[in-house]
Amino acid sequence: MFRRIYQWLDERLNIGPLWRDLADHEVPEHVNPAHHFSAFVYCFGGLTFFITVIQILSGMFLTMYYVPDILNAYQSVKYLQNEVAFGVIVRGMHHWGASLVIVMMFLHTLRVFFTGAYKSPREMNWVVGMLLFFVMLGLGFTGYLLPWDQKAYWATQVGVKIAGSVPLIGPYIETFLKGGDVLGAQTLARFFAIHVFFLPGVLLALMGVHFILIRRQGISGPL
Amino acid sequence: MAGRHEKDVEYVGDSRVIKRRGGPLTPPDYTEFPGKTEPFYPNFLLKEWMIAVVSLVAFLVLTMAHPSPLEAPANPNDTSYTPLPDWYFFFLYQLLKYEYTSGPYTVVGTILIPGLAFAALLLAPWLDRGPKRRPKDRPVATSLMLLALAAIVFLTWAAVDEHQKHMASQGGGSGAPTVEVSPDAPEGEKIWAKQTTCQGCHGVDLKGSGFAPSLEHVGSNLSQEQIVDIIKNGKGQMPPGQFQGSEEELQKLAEWLAQKK
Chain E
10 MFRRIYQWLD ERLNIGPLWR DLADHEVPEH VNPAHHFSAF VYCFGGLTFF
60 ITVIQILSGM FLTMYYVPDI LNAYQSVKYL QNEVAFGVIV RGMHHWGASL
110 VIVMMFLHTL RVFFTGAYKS PREMNWVVGM LLFFVMLGLG FTGYLLPWDQ
160 KAYWATQVGV KIAGSVPLIG PYIETFLKGG DVLGAQTLAR FFAIHVFFLP
210 GVLLALMGVH FILIRRQGIS GPL
Chain B
97 MAGRHEKDVE YVGDSRVIKR RGGPLTPPDY TEFPGKTEPF YPNFLLKEWM
147 IAVVSLVAFL VLTMAHPSPL EAPANPNDTS YTPLPDWYFF FLYQLLKYEY
197 TSGPYTVVGT ILIPGLAFAA LLLAPWLDRG PKRRPKDRPV ATSLMLLALA
247 AIVFLTWAAV DEHQKHMASQ GGGSGAPTVE VSPDAPEGEK IWAKQTTCQG
297 CHGVDLKGSG FAPSLEHVGS NLSQEQIVDI IKNGKGQMPP GQFQGSEEEL
347 QKLAEWLAQK K
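In structure tokens form, the structure reads like this:
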């Protein structure tokens, strides 16, 4: 059944090479924890991706209830947390996942650094990975404001003030982040937009490049 | 799963780069590596999936054991709140608290040190160009990274430590106050110990704060019914519906508070 669907598609689209790229490749022994337990350090990248997928899915469900305006944001989160079936779990996954994805990404970065995997010819993928790290931190910063509770409000107030203390461009960054002179309705609306549309778009594009590069160049050899 | 076009091209390594293009773009062929290779699909993917499932279960246990926190609604007038960023920003935040990174030197803490560190990280492949990959064979890169790691761990610890000391000196406020209740304490006191939102303003010890009254003698002014009404509907700056728990627990809490005379 699946074979016939595959053949039908393959006759029209030549998906053989695509399939080969995606799944039909060999995994060398030095990255396989089944052969060397210490190779578990090679799992962190995959786990980062796995948790990112969880973040995207749980985030999609959260937007079904979340209302990005200052009067209703807090109440909608509270309702989601206390009234909605499994709301506490979905929000919990997004909340803890945000920390976990940073941890996994950090460990993945350290693995790449200490195995020297960023060396020629993989310099570009390292840079893409660094950009991914910044995007993730941006997602963390913008997402922190969205529940609009005391912690969110005051932490963002401090973060924006620190950004504003940068010489020359600081005041412009501050105005851009706040969307005006005060941290309020405009800020919440644009943090929501940045958190839900802009940064995830950049994230997916960079992840695409990250994965295409690793398939093109192959994983780095054993030490 | 071979498509009919597969016969027309010869692949190199694990990628769809076609052999005749060859040249420096050719990815390594893993058959050249020592040891056993394994197909990604389905063998390796299955193992990866098992690791992912174990992680997912641990993650769900964490999620269920610790529901994500939600404090009182944002109150821009409450300047007594002690703000704290998310934990992975602690080290950047703490960096701004030292003599040569704050005040007139703020630019050192906001731009210079983080900027240099992140630029070095971004350009690492061009700064660390030698062909050797083992950490021992590139002592400069390894020791710099270990130093940065130690600095991050220290600054994160310092931020937590400072925040905890600050909270202890304030007695309540934000953060996660820890309340110890003896097992034979009244039911109402046990319920109060769980109400972190209420404690955020009224203090763990009911002593109140700059923006919420003390509850130590609330019973001399209000009856149990009036307390229930205020908890449910709010009063003045106090927002409604902050109580977390059942109606029965609310009544017990109000009964306990009404006895505070």
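Read top to bottom, the protein sequences are chains E and B. Counting in the numbering used here, the final residue of the first sequence is number 232, and the numbers go up one at a time with none missing. Counting in the numbering used here, the final residue of the second sequence is number 357, and the numbers go up one at a time with none missing. Each residue gets a CB set at the ideal place from its N, CA and C atoms; glycine is no exception.
Buried or exposed by the 16-neighbour rule on C-beta atoms within 10 Å, applied to residue i
i: E144 (chain B); result: buried
i: P227 (chain B); result: exposed
i: P235 (chain B); result: exposed
i: P279 (chain B); result: exposed
i: H262 (chain B); result: exposed
i: V191 (chain E); result: exposed
i: G25 (chain E); result: buried
i: I103 (chain E); result: Checking the sequence shown, residue 103 (chain E) turns out to be His, not Ile. Buried, because 16 or more other Cβ atoms sit within 10 Å of the Cβ of H103 (chain E).
i: N233 (chain E); result: A question about residue 233 (chain E) goes unanswered here, because the residues of chain E that appear run from 10 up to 232.
i: V113 (chain B); result: Bear in mind that a pLDDT of 49 at V113 (chain B), under 50, signals an unreliable position, so the number given afterwards is only what the model happens to contain. So V113 (chain B) ends up on the buried side.
i: V157 (chain B); result: exposed
i: Q90 (chain E); result: buried
i: D257 (chain B); result: exposed
i: V36 (chain E); result: buried
i: P181 (chain B); result: buried
i: M113 (chain E); result: buried
i: P282 (chain B); result: exposed
i: N329 (chain B); result: exposed
i: L208 (chain B); result: exposed
i: T229 (chain E); result: Here residue 229 (chain E) turns out to be Ser, not Thr, going by the sequence shown. Per the 10 Å Cβ criterion, buried.
i: K348 (chain B); result: buried
i: L213 (chain E); result: exposed
i: A172 (chain E); result: buried
i: G269 (chain B); result: A caution first: G269 (chain B) carries a pLDDT of 46, below 50, which makes its placement in the model unreliable, though a value can still be read off. By the 10 Å Cβ count, G269 (chain B) comes out buried.
i: G131 (chain B); result: exposed
i: S319 (chain B); result: exposed
i: Q166 (chain E); result: buried
i: G217 (chain E); result: exposed
i: W288 (chain B); result: buried
Minimum C-alpha distance to residue i - residue among the options
i: Q84 (chain E); options: E:A107, E:W157 and E:G188; result: E:W157
i: H259 (chain B); options: B:K286, B:P179 and B:N139; result: B:P179
i: K232 (chain B); options: E:R12, E:G173 and E:F123; result: E:F123
i: F143 (chain E); options: B:K331, B:P210 and B:Q333; result: B:P210
i: A48 (chain E); options: E:F185, E:G54 and E:H39; result: E:H39
i: W183 (chain B); options: E:K160, E:I14, E:F201 and E:D30; result: E:K160
i: V203 (chain B); options: E:G149, E:G152, E:I178 and E:L22; result: E:I178
i: L243 (chain B); options: B:A213, B:R230, B:M146 and B:R225; result: B:A213
i: I327 (chain B); options: B:A308, B:S305 and B:A350; result: B:A350
i: K128 (chain E); options: E:L232, E:I14, E:F11 and E:R21; result: E:L232
i: W266 (chain E); options: B:A216, B:E345, B:T159 and B:F186; result: Residue 266 (chain E) is absent from the model: chain E starts at 10 and stops at 232.
i: S239 (chain B); options: B:I207, B:P282 and B:D224; result: B:D224
i: W352 (chain B); options: B:G284, B:G296 and B:E344; result: B:G284
i: G147 (chain E); options: E:R199, E:V76, E:R21 and E:W163; result: E:R199
i: P77 (chain E); options: E:V205, E:V211, E:I228 and E:F201; result: E:F201
i: R229 (chain B); options: E:M145, E:G149 and E:G125; result: E:G125
i: A237 (chain B); options: E:V175, E:V121 and E:M69; result: E:V121
i: T251 (chain E); options: E:N23, E:L155 and E:L141; result: The displayed coordinates of chain E run from 10 to 232. Any statement about residue 251 (chain E) would go beyond what the structure contains.
i: N173 (chain B); options: E:I203, E:Y162 and E:I60; result: E:Y162
i: Y189 (chain B); options: B:N171, B:L251 and B:M241; result: B:L251
i: P130 (chain E); options: B:A215, B:S176 and B:W222; result: B:W222
Residues bridged to residue i (per DSSP)
i: E35 (chain E); result: B:P135
i: M160 (chain B); result: In the DSSP output, where bridge partners are listed per residue, M160 (chain B) has none listed.
i: K331 (chain B); result: B:M334
i: P169 (chain B); result: E:D158
Cβ-heavy atom distance, residue i to the ligand ADP, below 6 Å
i: A246 (chain B); result: For the ligand ADP, the structure offers nothing, since it holds no ligand at all.
4 or more residues per run - each alpha helix (DSSP H) lying fully within the stretch 226-311 of chain B: Within the stretch 226-311 of chain B, the alpha helix (DSSP H) runs of at least 4 residues that lie entirely inside it are, in chain order, 235-266, 283-290 and 292-298.
Contact between the stretch 215-230 of chain E and the stretch 80-97 of chain E (3+ Cβ pairs under 8 Å): no
Minimum length 4: unbroken alpha helix (DSSP H) runs contained in the stretch 101-165 of chain E: 132-154
Cβ contact (3+ pairs, closer than 8 Å) linking the stretch 190-204 of chain E and the stretch 104-118 of chain E: no
Three or more C-beta pairs below 8 Å linking the stretch 163-175 of chain B and the stretch 51-71 of chain E: no
Three CB pairs or more closer than 8 Å across the stretch 340-349 of chain B and the stretch 284-295 of chain B: yes
Three-pair Cβ contact test at 8 Å for the stretch 128-141 of chain E versus the stretch 145-152 of chain B: At 8 Å Cβ cutoff, the stretches do not touch.
contact_flag[the stretch 243-257 of chain B, the stretch 310-323 of chain B] where n(CB pairs < 8 Å) is 3 or more: no
Beta strand (DSSP E) runs contained entirely in the stretch 36-84 of chain E, provided each spans 3 or more residues: none
Stretch pair the stretch 18-36 of chain E + the stretch 131-144 of chain B: three plus CB contacts closer than 8 Å: Proximity of the stretch 18-36 of chain E to the stretch 131-144 of chain B meets the contact definition, three or more beta-carbon pairs being nearer than 8 Å.
Ordered list of alpha helix (DSSP H) runs contained in the stretch 173-216 of chain E, each at least 4 residues: 179-187 and 194-202
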